[in-house]
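Structure first, commentary second.
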Amino acid sequence: WLLLTVCLGAFMATLDTSIVNIALPQIARDFGGSLAQISWVVMAYLLTNASLLITSGRLGDLLPPGRLFFLGMTVFTGASALCGLSPNLTWLIASRLLQGMGAAVMLGVAPKIIALTYGLGERGFALGLLSASFATGISVGAPLGGAITAYLGWPYIFFINLFICGPALMLGRRPLKSLRPLAPWNWQSFDLPGSLILAASLGLLILGLSRLRETGGQDLWTVGALGGAALSFGILLLVERRQAVPLIHLELWQSWPFVVGSVTVVLTFAAVMGTFFLLPFFLEQIYHYSPSQTGLLLATLSLTNALVSPLGGYLADRLGNMLILRIGSTLVLLGLSTLWLAGPVLSALGLAGRLALIGLGFGLFQAPNLNEILRGVPPSLVGLAASTNAALKNLGALLGISLLVIIFAGANLHEVRLNPGVCLDLSCFQRAFAVAVGVGALNLLTNLLPRKTLKN
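Numbering (this note's numbering), first residue to last: 420 to 875.
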């Protein structure tokens with residue numbers, strides 16, 4: 420029951436990163452608002468997830484991880500109900516912030532629960548099931564979200580969490596609460612200043628990018644938020660140098676494979692997830708697909724990614740990490756380029772092929788890149804490097820969504836209303852996709868750099 424509960428939690432936490440995308444056009448029609456405002460439905464979840472993921476992993480070392488997971492799933496479930504009951508866009512965004520907090524706690528402590536519960540002979544199998552839960556959640560989000568939105572309405576993409584997480588909480592309550600932490604709680608072992616400054620830094624960064632989308636950077640709030648983010652990151656570096664047990668080990672950033680791999684993670688997720696955010700609007704506004712049809716088309720990207728990801732790791736073990744991740748980066752760039760060049764008349768098969776090409780490259784890239792990252796860090800920091808990599812994926816997605824939405828309609832984005840009578844121009848999407856291609860090209864160039872370990 421313990422493994423089932425943990426895997427269900429991981430499945431739901433990742434499902435809610437993809438299932439919402441397909442419902443965004445309908446949410447926009449119901450609540451009104453600009454694309455910049457609607458983007459916060461996705462970004463709010465990613466923001467709290469990215470901000471708290473590393474902190475949650477550290478807390479799992481110091482507090483009973485089972486109780487933390489139970490708390491995270493409870494918060495996630497309650498926030499899901501609030502999302503479905505949202506009377507306006509502000510309520511929905513606030514509920515998504517809370518939902519992201521619960522998801523971050525579940526994802527941060529799930530690997531630690533498995534490490535505590537299973538010995539070396541069983542741990543690999545359990546971790547494999549956990550990884551499969553992540554991939555499945557991402558894969559089924561688009562088609563499931565499309566079907567639910569088309570036949571029941573968008574609130575039910577959140578209510579479905581109650582029917583899965585509710586029984587999981589009842590089944591896993593006793594085994595989760597029986598787990599003990601790896602070390603006794605000690606405030607000196609928890610970097611509270613670093614956790615708070617990291618959350619503030621990311622919050623100011625995303626707030627500044629959001630204001631930039633609305634105003635074009637022509638007001639003091641935008642400049643202040645972005646300047647505050649830069650200042651907060653600088654303070655974070657100074658604070659972490661003096662912490663006995665820092666949240667962010669600066670030693671990690673002295674490893675060249677870790678640095679290059681982290682940069683490419685951010686670039687890859689910025690290009691792919693930024694594009695993925697715009698795709699429902701693109702498919703419904705330009706090609707006039709229904710939500711259920713859009714969900715099936717988007718599933719070609721996510722399903723290809725999920726199916727190919729294990730193959731990427733298998734091939735990397737035999738042919739080398741760098742070769743496979745470079746092939747993956749090349750395929751992502753090719754897929755984005757074909758999407759950028761797509762005309763106003765294109766068959767469903769043509770669209771599916773373009774999205775599958777992106778998913779193929781995305782799947783081939785991730786496992787070899789993580790292997791290269793972990794190869795360049797000391798064994799004692801492997802867990803921290805992996806959780807940092809997960810947080811950087813969310814950060815990349817946040818930056819990609821912000822960047823492409825800024826480009827989508829420029830400084831006057833707040834005037835673009837996604838009401839049923841408004842048809843967005845193809846050139847707006849092409850402009851945004853061109854930027855995604857540029858980010859993908861920069862990612863490929865970065866992956867051509869050698870990753871010899873300079874210092875571990």
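Positions of the beta carbon are idealized from the N, C-alpha and C atoms, including for glycine. A quick note: this is a predicted structure, and the numbers were derived from the prediction, not measured.
- Take the Cβ of R593 as the centre, count every other Cβ of all protein chains shown within 10 Å, and call the residue buried at 16 or more, exposed below. exposed
- CB-CB under 7 Å to G859, same chain, minus the five flanking residues each way: which ones, in chain order? A690, V751, L752 and L755
- Message: I'd like the list of long-range same chain contacts for S681, defined as Cβ closer than 6 Å, with 5 residues on each side in sequence excluded.
- Response: L811
- Message: With three or more beta-carbon pairs closer than 8 Å as the criterion, would you say the segment 558 to 568 touches the segment 502 to 513?
- Response: no
- Beta-carbon separation (whole angstroms), E659 vs G613, contact threshold 8 Å: 6 Å
- R486 to L774, Cα distance in whole Å? 40 Å
- Going by the beta-carbon positions, is the gap between V854 and L823 smaller than 8 Å? yes
- Mind listing, in chain order, the continuous beta strand (DSSP E) runs of no fewer than 3 residues lying wholly within the segment 681 to 759? none
- Member of G693, M589 and E670 whose CA lies at the smallest distance from the CA of N813: G693
- Task: To the nearest angstrom, report how far apart L783 and V727 are at their CA atoms.
- Result: 6 Å
- Task: My understanding is that V528 touches G479, with C-beta atoms under 8 Å, so please give their C-beta distance in whole angstroms.
- Result: 4 Å
- Host alpha helix (DSSP H) of S846 (start-end): L845 to N866
- Query: In whole angstroms, what is the alpha-carbon distance linking S721 and I557?
  - Reply: 6 Å
- Proximal residues to F578 (C-beta, below 6 Å), its chain only, five neighbours per side dropped: G503
- Message: The alpha helix (DSSP H) that contains I777, what's its start and end?
- Response: A767 to R794
- Proximity of I625 and V439 at Cβ, strictly below 8 Å: no
- Query: By DSSP, does S499 sit in helix, in strand, or in coil?
  - Reply: helix
- Task: Kindly indicate the opening and closing residues of the alpha helix (DSSP H) around V664.
- Result: Run containing V664: none; DSSP gives neither H nor E here.
- Message: Using only CA atoms, which one of L776, H707 and L861 lies nearest to T723?
- Response: L776
- Task: For F553, verify whether its CB is less than 7 Å away from any heavy atom of the ligand HEM.
- Result: Annotation note on the ligand HEM: not contained in the displayed structure, which lists no ligands.
- Pairwise C-alpha distance: L717 and I457: 19 Å
- Message: I need the straight-line Cα distance from L611 to V494, nearest angstrom please.
- Response: 21 Å
- Message: Considering only their Cβ atoms, is the gap separating M462 from G491 smaller than 8 Å?
- Response: no
- What is the residue span of the alpha helix (DSSP H) that A442 lies within? Note, A442: premise wrong, no alpha helix (DSSP H); not H, not E.
- Task: For the segment 556 to 592, list the beta strand (DSSP E) runs that are entirely contained and at least 3 residues long, ordered along the chain.
- Result: none
- Task: Can you grab the Cα-Cα spacing for the pair L628 / F696, in whole Å?
- Result: 16 Å
- Query: If you follow the alpha helix (DSSP H) that L482 is part of, which residue opens it and which one closes it?
  - Reply: First-last for L482: undefined, no H or E at that position.
- Between L421 and G591, what straight-line distance do the alpha-carbon atoms span, to the nearest angstrom? 5 Å
- Message: By alpha-carbon positions, which one of A725, G778 and R737 ends up nearest to T749?
- Response: G778
- Task: Give the range of the alpha helix (DSSP H) segment to which A455 is assigned.
- Result: L454 to I457
- Item | Alpha-carbon to alpha-carbon, I746 and G878 | This structure does not reach residue 878, given that the chain is present from 420 up to 875, and the question cannot be answered.
- Item | Inter-residue spacing [alpha-carbon to alpha-carbon] between I743 and L730 | 10 Å
- CB of L595 within 8 Å of CB of T496, strictly: no
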